[in-house]
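Step one of this worksheet: look at the structure below.
There are 2 protein chains.
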Amino acid sequence: MISQELCDRINRDLGDRRFTLIVCDCSIEYYGRSRSEIGRGHRMIVVKPDTTILIHSLSGFKPVNWMSPPTETIAEYEKELLLHSQRTKKPYEEIKIRIHDVLDYRAYANLIDDGRLDITHTEKDLQDYLVSHPKLVHPEFRLKKAEYQTPLGFFDLYGKIGDKYVVVELKAEKAGLPAALQVKRYVEWLKQHVKPVQGMLMAPGITANALTILRKEGIEFKKIDVRKIYIKHKKNKTLGEWC
Amino acid sequence: MISQELCDRINRDLGDRRFTLIVCDCSIEYYGRSRSEIGRGHRMIVVKPDTTILIHSLSGFKPVNWMSPPTETIAEYEKELLLHSQRTKKPYEEIKIRIHDVLDYRAYANLIDDGRLDITHTEKDLQDYLVSHPKLVHPEFRLKKAEYQTPLGFFDLYGKIGDKYVVVELKAEKAGLPAALQVKRYVEWLKQHVKPVQGMLMAPGITANALTILRKEGIEFKKIDVRKIYIKHKKNKTLGEWC
DNA sequence: CATTAAATATCGTCC
DNA sequence: GGACGATGTTTAATG
Chain A
136 MISQELCDRI NRDLGDRRFT LIVCDCSIEY YGRSRSEIGR GHRMIVVKPD TTILIHSLSG
196 FKPVNWMSPP TETIAEYEKE LLLHSQRTKK PYEEIKIRIH DVLDYRAYAN LIDDGRLDIT
256 HTEKDLQDYL VSHPKLVHPE FRLKKAEYQT PLGFFDLYGK IGDKYVVVEL KAEKAGLPAA
316 LQVKRYVEWL KQHVKPVQGM LMAPGITANA LTILRKEGIE FKKIDVRKIY IKHKKNKTLG
376 EWC
Chain B
136 MISQELCDRI NRDLGDRRFT LIVCDCSIEY YGRSRSEIGR GHRMIVVKPD TTILIHSLSG
196 FKPVNWMSPP TETIAEYEKE LLLHSQRTKK PYEEIKIRIH DVLDYRAYAN LIDDGRLDIT
256 HTEKDLQDYL VSHPKLVHPE FRLKKAEYQT PLGFFDLYGK IGDKYVVVEL KAEKAGLPAA
316 LQVKRYVEWL KQHVKPVQGM LMAPGITANA LTILRKEGIE FKKIDVRKIY IKHKKNKTLG
376 EWC
């Protein structure tokens, strides 16, 4: 199936920015932020209209090789079929694909996708929810500012409980060491400006090491899972169907 | 092109663990670690033999939706064609794809990929190189242990310069705040056990904020780029061609 | 299975 | 464009 005609057709389809698929037996070399090589095997090469190139193997989420746009991909045919792809901006990257056999070749024109991916149940949703339901932080929590900017970064929630100044760090996923150290830093910085200070970490879970650090620092951990909260997000839709 | 026959064929191909491609007009809902939805548009659905499912839009590296194995995907046809996919282990996840139009359907049997992706120019390679060339750390650096285990994690390199105990953190990419804080933690911990202590961060670059922290803590930054080092890696190949 | 850190992480956002 | 943090991060190594 490999021929000069195929090579020409690939270049024509790539030039037209068509969504292009090559299912083939190939070997690949990459050089850029790192360097990689892989021997022969059946893979699927995808070149998207935005020039993203992905080479997917038979398993796993990640492509075996890839490049983000802007890239330029050109097919060459001389004894063997080569696909040569390079990023046209910094950092420079390059993929060379030696195509030994083509099982299938497809290119699609006139594809349209106006859809916008709408994601909810993220850390931002948790924050929005707690801003409007501060009692979930603490029955007496009074919010002063969400996304309170400091030299160390943004405090997710900043407010008071009684006479205590409170900084709250939120995580949508189980909190680990980095999250605990983050709150520790925040508390240490805040203590230089106001007193007394209470740190809080709110997440659906926490690792043992992280909890140890919190206890040592007198920082409170409170369990909260954004997925288990009834959310009216921006478009006023509910999660009833799924929950 | 949508029909009961197509639905049956999809289920047969999925059951046979074939590499399956559907180029189609679809809308998608996801529920799992978060929740997402996207309206109609042309996309490519990929189901790999290991049951990985990817739905790629016309642009970008990341699939618009995906699930890691093990998953179970089933097609249903009743008025409309639905692809329903769910993860069969924790955490539970689910994707519902409403297929409005099928532009192309493909399934490939007997694909083989024995290739092993060999990646170099990583942080590990830098570490290996410095273990055998400790003078690049410092003319008088004497390595005691690479990957020195501590409660805070592994020190990339641990050794001495004169009477100073030295902990070295390596980065293959430009170092940011997290890297600087990591060395700071290491130095603080190490000081509780031995003295005097010298921290070092070696990377091809560093952000301004990170450098400020290092200076305040008396930690040394040394520029090194694994890509610019001549490496003989495990298989004894060189990088001459690329460099 | 949980934890930890690296990754060619990618992606969005802010400065 | 650089820097920073979130991500449905994924992946690999390790206990």
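Residue numbers (this note's numbering), protein chains in the order written: chain A, 136 to 378; chain B, 136 to 378. No residue lacks a Cβ here, since even glycine has one placed at the ideal position from N, Cα and C.
For this session: Spell out the partners DSSP gives cysteine 161(B) in its beta bridges.
Result: In the second sequence, the residue the question calls residue 161(B) occupies position 26. Cysteine 161(B) is bridged to Gly176(B), Ile234(B).
For this session: Return no unless some Cβ of chain B is closer than 8 Å to the Cβ of lysine 351(A).
Result: Locating residue 351(A) in the first sequence gives position 216, counting from the first residue. No, lysine 351(A) does not count as interfacial toward chain B.
Problem set entry | Simplified DSSP state of arginine 251(B), which is helix, strand or coil | Counting from one through the second sequence, the residue named residue 251(B) turns up at place 116. Looking at arginine 251(B) - three-state DSSP - the assignment turns out to be coil, as it is neither helix nor strand.
Problem set entry | Contacting residues, own chain, Cβ-Cβ under 6 Å from cysteine 378(B) (five flanking each side not counted) | Within the second sequence, residue 378(B) is the residue found at index 243, counting from 1. Unreliable positioning characterises cysteine 378(B) in this predicted model, as indicated by a pLDDT of 39, which lies under 50. The coordinate reading is nonetheless provided below. Once the five neighbours on either side are set aside, cysteine 378(B) has no close Cβ partner at all.
For this session: Let me know the secondary structure DSSP gives asparagine 344(B) once reduced to three states.
Result: As a first step, residue 344(B) is located in the second sequence; it is residue number 209 there, counting from the start. Asparagine 344(B): helix per DSSP, three-state reduction.
Exercise. Where aspartate 143(A) and valine 182(B) are concerned, what is the direct C-alpha to C-alpha distance, given to the nearest angstrom?
Worked result: If you number the first sequence from 1, residue 143(A) lands on position 8. If you number the second sequence from 1, residue 182(B) lands on position 47. In this structure, the alpha-carbon of aspartate 143(A) lies about 30 Å from that of valine 182(B).
Problem set entry | Contacting residues, own chain, Cβ-Cβ under 8 Å from arginine 168(A) (five flanking each side not counted) | The count along the first sequence starts at 1 and reaches residue 168(A) at position 33. So the qualifying residues of the chain are Pro226, Glu228.
Exercise. Taking only beta-carbon atoms, is isoleucine 230(B) less than 8 Å away from chain A?
Worked result: Within the second sequence, numbered from 1, the residue matching residue 230(B) stands at position 95. Not closer than 8 Å to any Cβ of chain A, the Cβ of isoleucine 230(B) fails to qualify, so no.
Problem set entry | Boundaries of the beta strand (DSSP E) in which arginine 222(B) is found, first to last residue | Position 87 of the second sequence, counting from 1, holds the residue named residue 222(B). Annotation: the continuous beta strand (DSSP E) that includes arginine 222(B) extends over 215-222.
Exercise. Does arginine 233(A) have its Cβ less than 8 Å from a Cβ in chain B?
Worked result: What you label residue 233(A) is simply residue 98 of the first sequence in a count that begins at 1. At a cut-off of 8 Å between beta carbons, arginine 233(A) makes no contact with chain B.
Exercise. Do isoleucine 232(A) and leucine 217(A) come within 8 Å of each other at the CB atom, strictly closer than that value?
Worked result: Within the first sequence, residue 217(A) is the residue found at index 82, counting from 1. Within the first sequence, residue 232(A) is the residue found at index 97, counting from 1. With a cutoff of 8 Å on beta-carbon distance, leucine 217(A) and isoleucine 232(A) are scored as near each other.
Exercise. First and last residue of the beta strand (DSSP E) that includes glutamate 304(B)?
Worked result: Taking the second sequence and counting its residues from 1, the one referred to as residue 304(B) is at position 169. Taken as a continuous stretch (DSSP letters only), the beta strand (DSSP E) holding glutamate 304(B) covers 299-305.
Exercise. Does the separation of the CB atoms of alanine 338(B) and alanine 310(B) fall below 8 Å?
Worked result: Counting from one through the second sequence, the residue named residue 338(B) turns up at place 203. Counting from one through the second sequence, the residue named residue 310(B) turns up at place 175. In this structure, alanine 310(B) lies closer than 8 Å to alanine 338(B) by Cβ.
For this session: Report the neighbours of lysine 183(B) on chain A: residues whose CB is nearer than 7 Å to its CB, in chain order.
Result: In the second sequence, residue 183(B) corresponds to position 48, counting from 1. Within 7 Å Cβ-Cβ: Leu193, Ser194.
For this session: Please classify lysine 225(B): does DSSP put it in a helix, a strand, or coil?
Result: The residue given as residue 225(B) occupies position 90 in the second sequence. Here lysine 225(B) sits in coil by DSSP.
Exercise. So, is lysine 370(B) buried or exposed, given that buried needs 16 or more other C-beta atoms within 10 angstroms?
Worked result: In the second sequence, the residue the question calls residue 370(B) occupies position 235. Any answer about lysine 370(B) is weak, because its pLDDT of 42 lies below 50 and its placement is not dependable; what the coordinates show is given next. In this structure lysine 370(B) is exposed. Its beta-carbon is surrounded by fewer than 16 other beta-carbon atoms within 10 angstroms.
Exercise. When the cut-off is 8 Å and only beta carbons count, does serine 267(B) lie next to chain A?
Worked result: Reading the second sequence from its first residue, position 132 is the one you call residue 267(B). Residue contact with chain A for serine 267(B): absent (no Cβ-Cβ distance below 8 Å to any residue of chain A).
Exercise. Given a threshold of 16 other Cβ atoms within 10 Å of its Cβ, counted over all protein chains shown, does glutamine 139(B) qualify as buried or as exposed?
Worked result: Residue numbering aside, residue 139(B) sits at position 4 when the second sequence is read from its first letter. Glutamine 139(B) comes out exposed.
Exercise. Alpha carbon to alpha carbon, how far is arginine 241(A) from glutamine 284(B)?
Worked result: Locating residue 241(A) in the first sequence gives position 106, where the first residue counts as 1. Locating residue 284(B) in the second sequence gives position 149, where the first residue counts as 1. Arginine 241(A) and glutamine 284(B): Cα-Cα distance of roughly 52 Å.
Problem set entry | Separation of glutamate 213(A) from glutamate 258(A), as counted between CA atoms | Walking along the first sequence from the start, residue 258(A) turns up at place 123. Walking along the first sequence from the start, residue 213(A) turns up at place 78. Just so you know, the alpha carbons of glutamate 258(A) and glutamate 213(A) end up roughly 53 Å apart.
Problem set entry | Cβ-Cβ distance between arginine 175(B) and cysteine 161(B) below 8 Å | For the purposes of this step, residue 175(B) is identified with residue 40 of the second sequence, where counting begins at 1. For the purposes of this step, residue 161(B) is identified with residue 26 of the second sequence, where counting begins at 1. Cβ atoms of arginine 175(B) and cysteine 161(B): closer than 8 Å.
Problem set entry | Below-8 Å beta-carbon distance, glutamine 262(A) vs any chain B residue | To locate residue 262(A), count along the first sequence from 1; it is residue 127. For glutamine 262(A), not one C-beta of chain B is nearer than 8 Å to its own C-beta.
Exercise. So which residues on chain B does aspartate 253(A) lean against when the C-beta distance must stay under 8 Å?
Worked result: Along the first sequence, read from residue 1 onward, the residue named residue 253(A) stands at position 118. Residues of chain B passing the Cβ test: Ser171, Glu172, Ile173.
Exercise. Histidine 177(A): buried (16+ other C-beta within 10 angstroms of its C-beta) or exposed?
Worked result: Start at 1 with the first residue of the first sequence, and residue 177(A) comes out as number 42. Per the 10 Å Cβ criterion, buried.
Exercise. Apart from the five residues just before and just after asparagine 200(A), which ones in its own chain have a Cβ nearer than 6 Å to its Cβ?
Worked result: Within the first sequence, numbered from 1, the residue matching residue 200(A) stands at position 65. Taken in chain order, the residues that qualify are Ile163, Tyr165, Ile190, Ile230.
For this session: Check isoleucine 137(A) in the structure and name its three-state DSSP category.
Result: In the first sequence, counting from the first residue as 1, residue 137(A) sits at position 2. Correct three-state label for isoleucine 137(A): coil.
For this session: Using a cut-off of 9 Å between C-beta atoms, extract the partners of leucine 278(A) located in chain B.
Result: On the first sequence, position 143 is the one that residue 278(A) refers to. Residues of chain B passing the Cβ test: none, with the nearest at roughly 24 Å.
Exercise. Should arginine 170(A) be labelled buried (16 or more other beta-carbon atoms within 10 Å of its own) or exposed?
Worked result: As a first step, residue 170(A) must be located in the first sequence, where it is residue number 35. It counts as buried.
Exercise. Taking Cβ positions only, does valine 199(B) come closer than 8 Å to chain A?
Worked result: The count along the second sequence starts at 1 and reaches residue 199(B) at position 64. At least one chain A Cβ lies under 8 Å of valine 199(B).
Exercise. How many angstroms separate the CA atom of leucine 336(A) from the CA atom of histidine 268(A)?
Worked result: As a working mapping, residue 336(A) is identified with position 201 in the first sequence. As a working mapping, residue 268(A) is identified with position 133 in the first sequence. Their Cα atoms are separated by approximately 16 Å.
Problem set entry | Neighbour list for histidine 177(A) in chain B, Cβ cutoff strictly below 7 Å | Translated into positions along the first sequence, residue 177(A) becomes position 42. Against chain B, the beta carbon of histidine 177(A) has neighbours under 7 Å at Leu246, Ile247, Asp248, listed in chain order.
Exercise. In the structure shown, what three-state DSSP assignment does leucine 193(A) receive?
Worked result: As a first step, residue 193(A) is located in the first sequence; it is residue number 58 there, counting from the start. If DSSP states are grouped into helix, strand and coil, leucine 193(A) belongs with coil.
Problem set entry | DSSP three-state assignment for glutamine 284(B), whether helix, strand or coil | The count along the second sequence starts at 1 and reaches residue 284(B) at position 149. DSSP, reduced to helix, strand and coil, places glutamine 284(B) within a strand of the structure shown.
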